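Enquirer: Pasting a structure here, questions to come.
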Ligand SMILES: [Zn+2]
């Protein structure tokens, strides 16, 4: 049984650990001491995953016997998380910390020099050059990705600090590298590769049994993600060409658009902060929406933000009936669930036909890994 703990509910977590110990003892018929030993052993290999999505990926790849601790729950917006003293303690005690990095979670900035921190986000993977990808030129600098495995390479992050200082306090406005890489399943495969490589470092070369378990779980993850990629391509292909636009509030769906052949338009790119709307900017964006015959504006939350509601009113362009989840996981479900939900919401809203049952079968395979 995996010890799965959210720190905002530390007490609950303690109870869960206690329950695990008791259950284990009862199940095996062993002495209570066995449970204690398991707990001590588990504690000595504590892996912390910062963002809920990272936690889901690490859980899918790590051996089921290894406890994974999720630092933040999914209600929080990772762009805005603050690390509380208790969470800082968890980070200090961890054997290994996985995070999307400071581009997605700016609060992690000061933890990046910690040698146990493994970044799996945009600064750690090589992004494919899909069609028109000028903004990603920066990624040339990241060619040497193996360097991230030995953590001396985290010195590099100083360079990023300067680059990204402008986006530090800007909620949902990413001036630097776009961190929402997981919307392209091929990128999740790359993230998973880093995770699997680093998890294996926790086990000696002699422990071939555990290392093989990690290898097998990585293989399953890769195969599920490849199928997700194919499935999403098939669904998007049912959208009439003229409708292939994702219009949403903040720049988060570009990787998705580039992977599956949809153009994206982020309202905040034109408007800056929603609090500082200028009539000129508004009329420009309305012109853009009309010029491109935009059929629908996708909400990123429920109820939709004021900005989206206003634009919808002024342009008579309807808002999607369901929101798309752009910053991580949905209230329930996994990395695959959110991809299936977003794809079906996009496809069905744009006049395509989404085969949700097929998507759910892929979700179910993932669920077997993380249950
Ligand atoms: Zn975002």
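Residue numbers (this note's numbering): 178 to 548.
Even for Gly, the Cβ is constructed at its ideal location relative to N, Cα and C.
Source: prediction; values computed, not measured.
1. With C-beta atoms as the reference, is residue 477 less than 9 Å away from residue 425?
2. What's the gap between the Cα of residue 497 and the Cα of residue 528?
3. Tell me which residue opens and which closes the beta strand (DSSP E) that residue 531 is part of.
4. Can you tell me whether residue 220 is helix, strand or coil according to DSSP?
5. In the DSSP assignment, find the beta strand (DSSP E) that holds residue 422 and state where it starts and stops.
6. Skipping 5 residues on each side, what residues in its chain have a beta carbon closer than 8 Å to that of residue 506?
7. Quick check: residue 274 and residue 245, are their CB atoms within less than 9 Å of each other?
8. Compare the C-alpha of residue 475 against each of 488, 463, 500, 375 and name the closest.
9. Residue 515: beta carbon under 8 Å from a heavy atom of ligand 1?
10. Does the region 251 to 262 come into contact with the region 529 to 544, if we say contact requires no fewer than three beta-carbon pairs (one atom in each stretch) closer than 8 Å?
11. Could you please give the first and the last residue of the uninterrupted alpha helix (DSSP H) stretch that includes residue 236?
12. For chain D, is any of its Cβ atoms less than 9 Å away from the one on residue 297?
13. Among the residues of its own chain, which have a CB less than 6 Å from the CB of residue 249, if the five just before and after it don't count?
14. Curious, which full-length beta strand (DSSP E) runs of at least 3 residues does the region 257 to 311 contain?
15. If you reduce the DSSP assignment to three classes, tell me which class residue 333 lands in.
16. Kindly examine ligand 1 and report whether one of its heavy atoms sits closer than 8 Å to the Cβ of residue 256.
17. Could you check if residue 470 is buried or exposed, using at least 16 other CB atoms within 10 Å of its CB as the buried criterion?
18. Put residue 503 into one of helix, strand or coil per three-state DSSP.
19. Spatial neighbours of residue 380 within its chain, please: CB distance less than 6 Å, with the 5 preceding and 5 following residues excluded, ordered by chain position.
20. When you get a sec, list the residues whose CB is within less than 5 Å of any heavy atom of ligand 1, chain order please.
21. In whole angstroms, what separates the C-alpha of residue 442 from that of residue 384?
22. Using only the alpha-carbon positions, how far apart do residue 400 and residue 545 sit?
23. Does DSSP put residue 599 in a helix, in a strand, or in coil?
Expert: Well, looking at it:
1. Taking the chain shown and counting its residues from 1, one reaches residue 477 at position 300. Taking the chain shown and counting its residues from 1, one reaches residue 425 at position 248. A contact, by the Cβ cut-off of 9 Å.
2. As a working note, residue 497 is residue 320 in the chain shown. As a working note, residue 528 is residue 351 in the chain shown. Approximately 12 Å, taken between the alpha carbons.
3. Locating residue 531 in the chain shown gives position 354, where the first residue counts as 1. From DSSP, residue 531 is part of no beta strand (DSSP E); its letter is neither H nor E.
4. As a first step, residue 220 is located in the chain shown; it is residue number 43 there, counting from the start. For residue 220, the pLDDT reaches just 44, beneath the cut-off of 50, and the residue's location in the model is therefore unreliable, although a value from the coordinates is still provided. Correct three-state label for residue 220: helix.
5. As a position in the chain shown, residue 422 is number 245, starting the count at 1. 422 to 425 is the extent of the beta strand (DSSP E) around residue 422.
6. Mapped onto the chain shown, residue 506 falls at position 329. Only 229, 230, 233, 251, 512, 514, 515 meet the Cβ criterion.
7. In the chain shown, the residue the question calls residue 274 occupies position 97. In the chain shown, the residue the question calls residue 245 occupies position 68. Against a cut-off of 9 Å, the Cβ pair of residue 245 and residue 274 comes out as no contact.
8. Against the chain shown, residue 475 aligns to sequence position 298. Nearest C-alpha to residue 475 among 488, 463, 500, 375: 500.
9. The residue you call residue 515 lines up with position 338 of the chain shown. Outside the cutoff, so no.
10. no
11. For the purposes of this step, residue 236 is identified with residue 59 of the chain shown, where counting begins at 1. Run containing residue 236: 229 to 238, per the alpha helix (DSSP H) assignment.
12. In the structure shown, chain D does not exist; there is a single protein chain.
13. Counted from its first residue, the chain shown places residue 249 at position 72. Around residue 249: 258.
14. 273 to 276, 294 to 296
15. As a first step, residue 333 must be located in the chain shown, where it is residue number 156. Because the pLDDT at residue 333 is just 37, under 50, the model does not fix this residue reliably, and the point stays unresolved.
16. Working through the chain shown from its first residue, we reach residue 256 at position 79. Yes - ligand 1 has a heavy atom lying nearer than 8 Å to the Cβ of residue 256.
17. Locating residue 470 in the chain shown gives position 293, where the first residue counts as 1. Per the 10 Å Cβ criterion, exposed.
18. Taking the chain shown and counting its residues from 1, the one referred to as residue 503 is at position 326. Residue 503 falls in the coil class under three-state DSSP.
19. Taking the chain shown and counting its residues from 1, one reaches residue 380 at position 203. Excluding its 5 nearest sequence neighbours in each direction, residue 380 has C-beta neighbours in its own chain below 6 Å: 387, 388, listed in chain order.
20. 429, 504
21. Residue 442 sits at position 265 when you count from the first residue of the chain shown. Residue 384 sits at position 207 when you count from the first residue of the chain shown. So the two alpha carbons sit approximately 49 Å from each other.
22. On the chain shown, residue 400 is found 223 positions in, with the first residue counted as 1. On the chain shown, residue 545 is found 368 positions in, with the first residue counted as 1. Going by the C-alpha atoms only, they are around 14 Å apart.
23. This structure gives no information on residue 599, because the portion of the chain shown stretches from 178 to 548.
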